[in-house]
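When you line the sequence shown up against my numbering, it's residues 4 to 290, in that order.
Even glycine gets a Cβ: it sits at the ideal position worked out from N, Cα and C.
Have a look at the structure below, then the notes.
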Amino acid sequence: MRTPIGLKLALFSGLGIALAVGMVANQWVSNLNITEAAAAVGREQTILNGIQNADQALTGIRIAVGDIQLADSPEKVQVAAAAVRSAMTSGQDGLTIPINIALKPDVLRDIQTGLGKYGETALKMPAAIRFEQGKRQVDDTLLATQFNELVAAREQVLKATAASLTNARRFTDEARQASSDAISRATIIGLAFGVATVLTLLGSALFSWLTIARPIRTMVVAMQAIARGATDTTVSGTQRTDEVGDMARAFEENALRIATSARDREQEAQAANERRQVMFDLAGSFE
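Below, the structure is given as structure tokens:
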């Protein structure tokens, strides 16, 4: 079966192009996957930071509530109340961005709402504490009622925060693992494409050398020998079915024509010599 050299080279070139396209496609898809995974990591980390900040705000409000209960002056009550407002505002504001980017923001809204309720309840406690003539007076009934509301609000926030922290940590770990897997997968596939491309290029170079360059060089050497008069030189590659075989057979035919022409010239020269000798002999006989 005749297989042109051009077709063989085209197959190598096509394979190389396909591998190059595969490398580009792999890089593009890998970049998308890595970017998406990195965005997921950033999103989950932002959500986790917001929940942790809310948890710290909850602790800050609890500490400020204790300061209100132990305050022995109106000034200390005001300082503790300001601490409650600051912690509540910080915790709620820290959840704004996580709520906007979360895939399921309802739990975060519950934390934000519960934190506000807890803080507002804590800010009602100073109403149960009065200072008259430097003496601290407490409305125990009102304080007990507010304290019970405070405990209920805190338990609600703690429950939501604990569940959210668990989920956020799990999602963050999964996002990090997905990012790491995407990078590893892109590296392995890229390495495979690279090795395949190098092997294809090496195969193409070896094919060109063994099936094109070296046979043509051999034919050139044979033709040079024939040109120098070695008409019995053998031309290799005549058995091939491609273009190189066509060239070898053409060279062999030329070599045969050159050899035939040389023999014809030798025979003509010999015949001319024989005729000349006959003429000499006739001339001698005549004289």
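What number of angstroms, rounded off, separates the C-alpha of residue i from the C-alpha of residue j?
i	j	result
E255	M222	9 angstroms
E152	A163	17 angstroms
Q280	S288	12 angstroms
A28	G248	40 angstroms
V160	V80	24 angstroms
A185	V110	29 angstroms
S16	V224	30 angstroms
A125	Q149	8 angstroms
F196	K120	59 angstroms
T203	R217	20 angstroms
N269	F283	Position check: residue 269 holds Glu in this sequence, whereas Asn was assumed. Approximately 21 angstroms between the Cα atoms of the pair.
A272	N257	22 angstroms
S33	V201	21 angstroms
T99	S167	15 angstroms
R243	V198	32 angstroms
A228	L259	13 angstroms
G206	M26	19 angstroms
R220	L209	15 angstroms
W31	D70	58 angstroms
G19	S211	15 angstroms
L35	T169	28 angstroms
S187	I37	10 angstroms
A274	A253	31 angstroms
V82	V68	11 angstroms
V141	A90	25 angstroms
I215	R278	51 angstroms
D143	Q136	19 angstroms
R231	T263	15 angstroms
A23	T237	43 angstroms
A155	A147	12 angstroms
Thinking residue i and residue j are a contact (beta carbons under 8 angstroms), I'd like their distance in whole angstroms, please.
i	j	result
S183	F134	Not confirmed; about 60 angstroms, so no contact.
P101	G53	4 angstroms
G122	I64	6 angstroms
R157	L61	7 angstroms
A165	L51	About 13 angstroms; that fails the 8 angstroms criterion.
Quick one: grab the DSSP three-state call for residue i.
i	result
Q242	coil
Q140	strand
R231	coil
For the ligand FMN, is there any heavy atom lying closer than 8 angstroms to the beta carbon of residue i?
i	result
S207	Inclusion of the ligand FMN in the displayed structure is not the case, the ligand content being empty and no account of it being possible.
Using a Cβ-Cβ distance under 9 angstroms, would residue i count as near chain B?
i	result
G45	Of the protein chains in this structure there is only one, and it is not chain B.
Inter-stretch contact (C-beta, 8 angstroms, three-pair minimum) for the region 41 to 49 and the region 79 to 91:
no
Do the region 188 to 198 and the region 41 to 60 touch if we need at least three Cβ pairs shorter than 8 angstroms?
no
Cβ pair count under 8 angstroms reaching 3, the region 123 to 143 against the region 64 to 75:
yes
Any contact between the region 109 to 116 and the region 87 to 101? By contact I mean 3 or more CB pairs, one from each, below 8 angstroms.
yes
Below 8 angstroms, can you find three or more Cβ-Cβ pairs linking the region 174 to 183 to the region 46 to 54?
yes
Would you list, in sequence order, the uninterrupted alpha helix (DSSP H) runs of no fewer than 4 residues that lie entirely inside the region 34 to 78?
none
If you scan the region 67 to 131 from start to end, which runs of the alpha helix (DSSP H) of 4 or more residues do you find wholly inside it?
77 to 97, 99 to 104 and 109 to 126
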